[in-house]
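Heads up: the protein sequence lines correspond to chains A and B, in order.
Reading the first sequence from the start, the letters are residues 19 to 154 in my numbering.
Reading the second sequence from the start, the letters are residues 10 to 171 in my numbering.
Ideal placement from N, C-alpha and C gives every residue a C-beta, glycine not left out.
Report on the following structure.
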Amino acid sequence: MSAIQPSDCTIFVQIWVDTDALVNGQTTGVYLVDNNLNHGSANEGSVNLMTAVPVGTNICWSLLNVDPTSDTILSIQNFGNAGVFGASGTPQQVNATTWTGTVQAQGEDRYAINFSAQIPGKSGITTSVDPTLSVH
Amino acid sequence: MSEAVAQVSTGRKSGLQPQTSITIAVDTAYVAAQQGQNVSKGIYMMDNRLRNGSTGEGTLELSTVCNNGDLIGFNVVPINALGTSGDEVVITGFTVSQGSVFTAAGQPRQQESPKGEPQGAYWVGQAMHQGEQTYQIQIEVTVGKLQPVSYFINWDPFITAR
């Protein structure tokens with residue numbers, strides 16, 4: 019199944035990374051925001067972002083460097099499963115830093131986003147965040 | 010898999026390599042819902058100086074701690090950059106409210122934007138003087154395609170150069 023295009027999404031989650039502060043397995047220097055403060059999202063700007071959306075919403079996640087001139091290669095490895103993604107909504111890869119999915123079931127779940135940062139000349143850093151989706 | 014999807018913040022066009030980078034992510038729908046008035050949420054600032062002692066990460070009132078002499082990049086992006094809304098955000102200017110870190114010589118100037126971002130989305134300044142500074146940043150948030158509406162927002166974050 020091919021991934022949903024970002025242009026078909028209404029909710030966008032950005033995962034901003036300060037690669038200078040990033041540590042293997044930790045979430046220091048990672049900040050999540052979405053475009054949904056009007057409709058009940060909470061904990062914006064933190065790793066505990068809670069995105070509140072109705073069933074059927076297409077969501078696009080982007081992994082981004084706070085420094086737009088950085089040579090560091092960021093990459094989303096995968097998403098953990100969660101009940102709110104239902105039978106077929108689990109996020110799929112669009113490109114290395116962009117994934118899209120659909121919430122198909124009501125409920126509130128934490129979901130894992132596993133990602134890596136390859137800083138030139140250094141060993142790679144792998145970590146994950148587990149923000150919340152609240153689906154009504 | 011499509012390769013046609015624009016990515017934000019991946020370009021390097023200005024030629025400058027700021028040691029300190031500040032990102033401003035904007036929830037354009039929230040700003041529009043407030044009609045641009047009294048916006049104290051929906052705009053999130055992050056920098057790459059957490060290990061240097063910056064505080065307020067992920068909030069409107071970021072307090073950046075940089076090193077004296079640092080070039081400081083400011084990049085503003087709409088959170089729905091990959092969507093079809095066409096919403097745009099650009100920086101329209103900086104003033105210093107209190108203190109002097111930029112001085113006249115380090116006052117931020119507009120640079121060529123990263124790939125996929127409009128002109129005005131990326132500015133670079135320089136910390137020319139040790140100390141603390143409260144600066145005011147003004148952005149223009151434009152929402153809608155057929156009849157775009159612009160809102161001008163300003164607020165007062167902080168920079169300490171040591």
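If you draw a straight line from the Cα of A39 of chain A to the Cα of R58 of chain B, it is about 8 Å long. Contact between I148 of chain B and I168 of chain B is absent: CB atoms are separated by about 17 Å, not below the 8 Å threshold. Within its own chain, the residues whose Cβ lies closer than 7 Å to the Cβ of T28 of chain A, once the five positions on either side in sequence are excluded, are T75 and N76, listed in chain order. Nearest in C-alpha terms to Y131 of chain B, of all of B:A113, B:I81 and B:D165, is B:I81. Annotation for W164 of chain B: L69 place their beta carbon closer than 6 Å to its own, counting only its chain and skipping 5 residues before and after.
The beta-carbon distance between T37 of chain A and N54 of chain A, rounded to whole angstroms, is 26 Å. This is too long to meet the 8 Å contact definition. Residue pairing by DSSP places V31 of chain A opposite A:D52 and A:W79 in a beta bridge. Note on the segment 120–151 of chain B: there is no whole alpha helix (DSSP H) run with a minimum of 4 residues. Inter-residue distance for V110 of chain B and Q120 of chain B is about 20 Å (C-alpha atoms, whole angstroms). By alpha-carbon distance to A105 of chain A, the top candidate from A:H57, A:V112, A:C78 and A:V73 is A:V73.
For the pair V121 of chain A and S80 of chain A, the CB atoms are not nearer than the 9 Å cut-off. Under the 10 Å beta carbon count, D85 of chain A is surrounded by 16 or more other beta carbons and is classified as buried. Residue range T37 to A42 is occupied by the alpha helix (DSSP H) that includes V40 of chain B, with no beta strand (DSSP E) assigned at that position.
In the structure shown, the three-state DSSP call for F103 of chain B is strand.
Contact annotation: in the segment 53–68 of chain A, residues whose CB is within less than 8 Å of a CB in chain B are N53, N54, L55, N56, E62, G63 and S64. Bridge pairing for T108 of chain A: absent [DSSP]. Annotated three-state conformation of P87 of chain B is strand, per DSSP.
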